[in-house]
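Following: one structure in structure tokens, then a few remarks.
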Amino acid sequence: MSLVSILVFLLGFAITIGTILSAVRTFVVPRSTQDYLSRAVFRTMRMFFEVANRLARTYEQRDGIMAFYAPLSLLALVPVWLTLITLGYMCMFWASGVTPLFDAFKTSGSALLTLGFAPVDGLLRTVFSFTEAMIGLIMIALLIAYLPTMYAAFQRRELAVTLLEVRAGKPPSAVEMIERFQRIHGLGRLGEMWETWEEWFADIEESHTSLPALNFFRSPTSDRSWVTSAGAVLDAAALSRPILD
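Every letter in the sequence shown is one number past the one before it in the numbering used here, and letter 203, counting from 1, is 205.
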């Protein structure tokens, strides 16, 4: 192999490894990690949604637009990863002797998508083809396994927010929450509410750290928000403390 081929091979290998690490940080690692590729995708999608938001005249319209931001950004990660893996293996196929560049691209895409219309020969190219196909399948499997876990955490978050409407109104208010408890149960029952929401905050810390995309998922209706609900509960706790003491 010439020096140019070696450099191209190393470039393709680095692109492939970097993409795999990005997917692992996003889907597998159960903690908050810096992933610049995922951040770049979300920021790029945000730019498009900001342009669309300028056409909206009401908050309800803006909320309806932004409701698609997190799901579409999350789904956009997969084609970005697959494109980069195709590019990385294209470089490695070209460095191993698959020329011209278009044939290397066709061979890489055929292997990644398991289409099999571009046969390869030789041990090294066969290994490239098999490993690329395996990576492509793993990427899709990770997304399929990731989405149910994410939506389960989303449902747990929104369940408490929905139940809060009965106790604090819509949108939730700390004053309204204290008044309703006083009329219906008495302020002595507020302790049960604090225990419930203490567990809720702990679950939010765990789920929204390991699944950071959840932070951008909006509540099902425009007049409901997990952020304002959390604020109302904290405000109610602060206001009721002098009364209960």
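From the three backbone atoms N, C-alpha and C, an ideal C-beta is built for every residue, glycine too.
Should residue i go down as buried or exposed, given a rule of 16 or more other Cβ atoms within 10 Å for buried?
i, result
"I140", "exposed"
"T116", "exposed"
"W196", "exposed"
"G248", "There is no way to answer for residue 248, as the model of the chain reaches only from 3 to 247."
DSSP three-state label for residue i, please.
i, result
"P222", "coil"
"T211", "helix"
"V82", "helix"
"K172", "coil"
"D123", "coil"
"L115", "coil"
"V100", "coil"
"S227", "coil"
"S4", "coil"
For residue i and residue j, which I take to be in contact (beta-carbon distance under 8 Å), what is that distance rounded to the nearest angstrom?
i, j, result
"R158", "D205", "6 Å"
"Y230", "P173", "Before going on, a small fix: residue 230 reads as Thr here, not Tyr. That belief holds up - the Cβ atoms of T230 and P173 are roughly 6 Å apart, short of 8 Å."
"A54", "R220", "Contact doesn't hold; Cβ gap of about 15 Å is too wide."
"V122", "T109", "6 Å"
"I254", "L241", "The chain is shown only over 3 to 247; residue 254 falls outside these bounds and no answer can be derived."
"I67", "F50", "Contact doesn't hold; Cβ gap of about 10 Å is too wide."
"L114", "L84", "6 Å"
"W96", "L89", "Actually they are not in contact, since the Cβ atoms of W96 and L89 sit about 11 Å apart, beyond 8 Å."
If we cut at 9 Å on Cβ distances, does residue i have a partner in chain C?
i, result
"A106", "In the structure shown, chain C does not exist; there is a single protein chain."
Mind pulling the beta strand (DSSP E) runs of 3 or more residues that sit fully within the stretch 15-70? none
In chain order, which alpha helix (DSSP H) runs of at least 4 residues are fully inside the stretch 149-207? 176-186
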